[in-house]
Structure formats: structure tokens, C-alpha cells
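Okay, structure first, notes after.
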Amino acid sequence: MSTGSPRVLPAGSGIDEAAAVLRAGGLVAFPTETVYGLGANALDARAAARIFEAKARPSFDPLISHLADAADLPGLVGAVPPAVAALVERFWPGPLTLIVDRPAAIPPIVTSGLETMAVRVPDEPAARALIAAAGVPVAAPSANRFGQLSPTRAEHVVTGLGSAVDVVLDGGPTRCGIESTIVDARGERPVVLRLGALPVEALIEAVGPVEVRQGSSGQPVAPGTLAAHYAPRTPLRLGTAAEHDGGRQGFLAFREAPAEGDWAAVEVLSPDGDLTAAAARLFDALHRLDAAGVTGIVAEPVPDEGVGRAINDRLRRAAATWH
Numbered sequence: 001m002s003t004g005s006p007r008v009l010p011a012g013s014g015i016d017e018a019a020a021v022l023r024a025g026g027l028v029a030f031p032t033e034t035v036y037g038l039g040a041n042a043l044d045a046r047a048a049a050r051i052f053e054a055k056a057r058p059s060f061d062p063l064i065s066h067l068a069d070a071a072d073l074p075g076l077v078g079a080v081p082p083a084v085a086a087l088v089e090r091f092w093p094g095p096l097t098l099i100v101d102r103p104a105a106i107p108p109i110v111t112s113g114l115e116t117m118a119v120r121v122p123d124e125p126a127a128r129a130l131i132a133a134a135g136v137p138v139a140a141p142s143a144n145r146f147g148q149l150s151p152t153r154a155e156h157v158v159t160g161l162g163s164a165v166d167v168v169l170d171g172g173p174t175r176c177g178i179e180s181t182i183v184d185a186r187g188e189r190p191v192v193l194r195l196g197a198l199p200v201e202a203l204i205e206a207v208g209p210v211e212v213r214q215g216s217s218g219q220p221v222a223p224g225t226l227a228a229h230y231a232p233r234t235p236l237r238l239g240t241a242a243e244h245d246g247g248r249q250g251f252l253a254f255r256e257a258p259a260e261g262d263w264a265a266v267e268v269l270s271p272d273g274d275l276t277a278a279a280a281r282l283f284d285a286l287h288r289l290d291a292a293g294v295t296g297i298v299a300e301p302v303p304d305e306g307v308g309r310a311i312n313d314r315l316r317r318a319a320a321t322w323h
């Protein structure tokens, strides 16, 4: 964590000041519907380099660029493939990131040297207003140290990054709570590169069969696909309430707090069993357990359907960090 604190501004009234920081090459953390992003001018290689430095992010892990409006995509990348255009029409603005060919205007550091880029339009008014006011595409991974828990509140950003970020726009808790789904639709069949807030079922309903790839071997072609990722500082493993192994342990439950086991801290994702609500609360609950002074966290998997697939994906990657 960096010492000191960034300027924290309300997401409504702070837009113009934050946009000026982006235009000047600074870093702005801002809310999206998924998680808070750490934004920089995507056309400025030096500004993008500051993202990697602030996050301690390896240079091989590409960034997602954000646009204010779907109508801005052709002006940035030129001709848009029909399959990509169909997904843009159906799901933007929204938690869907699409892979397109990298235009010359985007410096290679943003795409980690790849000839493709990841891009989306967020479904969050403050985010789109910021990008529009800045007048540039905004490269923005999650606003946290690399490999750690994603931030879903402004205070998560302040605690995790401190003065490494210039301005934080506080828009309250994010709505979806987990990152966007990433899809490469340039081939014959769309390929899901990262599970996320847009369920695979919604994609299938819109465009037919899709391929789902789990994880990345070698250089990632999309962010958030490394086997070990999204981890708390506290060791985490997958398990059930029956698997308390002694000591001061925390438990992440799906629907109800465990009746057995002397758990030091418990977080319940959704008493109603609502997977969308569980996703919205996932990282916030893990942040709370991480701050509870426990020596380990046991996380209960959720039903592996809909957005539950993305929740389980995040839990598996978090557990892989500790095994």
C-alpha cells in the first residue's frame, strides 16, 4: 500500500476535475457497474505506464480500454466485424468487454504488445460522464494491487492504493460487484476468455453457441485470466462449514451462516439464494473477512450456473494463490 491518501471527490460533482487529471496524464479511480477502475488516458503511453507501476502489474497483462459510447468504437478502431457489432448492439453499455484489433492510436503498452485490444462501454453514468469529459478512451483495470481483491467501494481503493492514485471518484458500492465478461467474437464462434458479470447464458441466447476457455497459459490475451488472481491477503481455500480446522477462521457462506464450527467471522452472500446479489457482495464480503483478523478463510462455492460460474471462477483463482 502506498502511504498518503488521494483526493476523494463525489462521483457527480467531481467529474470535471477528474477529467482534467486524466487529460494531464494522471490516474483516476472511478466506479463502474462492475468494480472500481484505475483509469488513465489510453492514448498516452506514459499515463498507461503509471497504471502498471501503481498496481505493481506485470507488463504482460493487458488493460481494458473504456469508451463513453458505443458510437465511439468505429472512430477508434475503424471497421467493426459484424459479430462484434451484434454484441455491441445487444449488450453495450454493459459488463461485456470485446476483443478487437488494436488501432495505431493505442500504444502497445496498453495491450501488452498484443495486436488486439480489449474494449467496453461501462453501464455506469458517472464512468461514461468522466470518459466523455476527458475526451479520450480510458484504460482502466481494477483499482487494486495486482492479484489482490477487486475494489467495489471507494474506501477499498484508498486503502489499497493510497497516494499511488491522484483522484478517487466515490460513487458508492458498485452494482454488479465482479468484473466484466470478456469475449473474442472475431472468429467463427465467440470465445469467452473471462467469465464475468454478463452470464454465458445471456450470450448464448443472443448469438448461439459460444466456447468458454478457462485460464491462460503463457501471455494472457485478456486481463484477469491468470490461474492465481483476485486473492485476499489471508489464505483462502474452498470448502464447507463442516471443514473448520481450528484456529481463528473466517467463513464465506452462500445462503446462510453455518450452524456448526466456531467461526471467528462469517459473511453471507445472499440469504435469498440470489446469485446476482451474491456477485454484487462477493468482493466486499471478502474485504471484510480479510480485515477481520482471521488466519484463514473457507469459501463455500455457489451453484455453478448463471453469474454463479463467475463467482466460483473468482473463488478458485483466489484459492490457487495459496496452493
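Residue 1 is where the sequence shown starts when you use UniProt numbering, and the numbers rise one by one after that.
Positions of the beta carbon are idealized from the N, C-alpha and C atoms, including for glycine.
Keep in mind the model is a prediction, meaning the values are calculated, not measured.
Would a C-beta distance cut-off of 7 Å place residue i and residue j closer than the cut-off?
| i | j | result |
| --- | --- | --- |
| I311 | L289 | no |
| A154 | I15 | no |
| A257 | V268 | yes |
| L198 | R213 | no |
| A29 | V157 | yes |
| G296 | P220 | no |
| A54 | A48 | no |
| G224 | G4 | no |
For the beta strand (DSSP E) that residue i lies in, which residues bound it at each end?
| i | result |
| --- | --- |
| G296 | G296 to A299 |
| V158 | Note, V158: premise wrong, no beta strand (DSSP E); alpha helix (DSSP H) at A154 to L161. |
| I64 | I64 to H66 |
| A29 | V28 to P31 |
| E201 | Element bounds for E201: not the beta strand (DSSP E) but the alpha helix (DSSP H), V200 to V207. |
| D184 | T181 to D184 |
| A40 | Y36 to N41 |
| L236 | L236 to L238 |
| L193 | V191 to R194 |
Following the continuous alpha helix (DSSP H) through residue i, name the residue where it begins and the one where it ends.
| i | result |
| --- | --- |
| G308 | G308 to A320 |
| residue 326 | No answer is possible for residue 326: the residues shown for the chain start at 1 and end at 323. |
| P74 | L73 to V77 |
Report, in whole angstroms, the separation of the C-beta atoms of residue i and residue j, which I expect to be a contact under 8 Å.
| i | j | result |
| --- | --- | --- |
| D61 | S112 | 6 Å |
| H66 | V21 | About 16 Å separates the two Cβ atoms, so there is no contact after all. |
| Y230 | R309 | With 8 Å as the limit, Y230 and R309 do not qualify as a contact, their Cβ atoms being about 14 Å apart. |
| D170 | P6 | Not quite, the Cβ-Cβ distance comes to about 11 Å (not below 8 Å), so this is no contact. |
| residue 324 | V210 | Nothing about residue 324 can be reported from this structure: the residues present for the chain run from 1 to 323 only. |
| D254 | V298 | According to the sequence as given, residue 254 is Phe; it is not Asp. Not really, about 12 Å apart at Cβ, beyond 8 Å. |
| T34 | S180 | 5 Å |
In the DSSP output, what is residue i paired with across the bridge?
| i | result |
| --- | --- |
| V168 | V8 and A29 |
| F251 | V266 and V298 |
| V212 | V192 |
| S13 | Per DSSP, none; premise fails for S13. |
Runs of 3 residues minimum, wholly inside the stretch 81-139: which ones carry the beta strand (DSSP E) assignment? 96-101 and 116-120
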